[in-house]
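The numbering used here numbers the first residue of the sequence shown as 322 and each following residue consecutively.
Even for Gly, the Cβ is constructed at its ideal location relative to N, Cα and C.
Note that this is a predicted model, so its numbers are computed, not measured.
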Amino acid sequence: MEALNLSTEVILTHPQRSLGSVQLDWMPQPGSFLELEGCTYTVLERRHRYQLRAGRYRLHQISLYVQSAPRPSERSLVNGHWVLGDASCRFNARSELIRCAVSPEGPCGNCRFYEMLAGKVN
């Protein structure tokens, strides 16, 4: 795949600055974690830039917008993707970016607001 051969610029969102360019052998999605020079970042956004060459648009550059974040200790697999926290709780947001509305920072273990979902979580 052409995208995997491109250099990817990693940009910290706050304060906004470039962390440099890296070669990745995978395509990070928003919510994914990226480790770079001993620090862990959450991918917030991925942007593609294209150039017109010989009458065709070709992928020219990939930019990842990230924020510094600790790697979460609690994750659940729901319908084939990872979400933060305990997905069996009624208040879980089923998101890669936020755990829940009641206690977004967590942890889920011993949370006084925990309520088991009525249905089964895959």
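By the neighbour-count definition (other C-beta atoms within 10 Å, threshold 16), R420 is a buried residue. With 16 or more neighbouring CB atoms inside 10 Å of its own CB, G406 falls in the buried class. The beta carbon of P351 sits closer than 8 Å to those of V364, L365, E366, R367, E417 and L418, all from its chain and outside the five residues before and after it, given in chain order. In this structure, the CA atom of R370 is about 43 Å from the CA atom of Y435. Take H381, set aside five residues on each side of it, and the residues of its chain with a beta-carbon closer than 6 Å to its own are R370, Y371 and Q372, in chain order.
Rounded to whole angstroms, the separation of the alpha carbons of Y362 and I332 is 10 Å.
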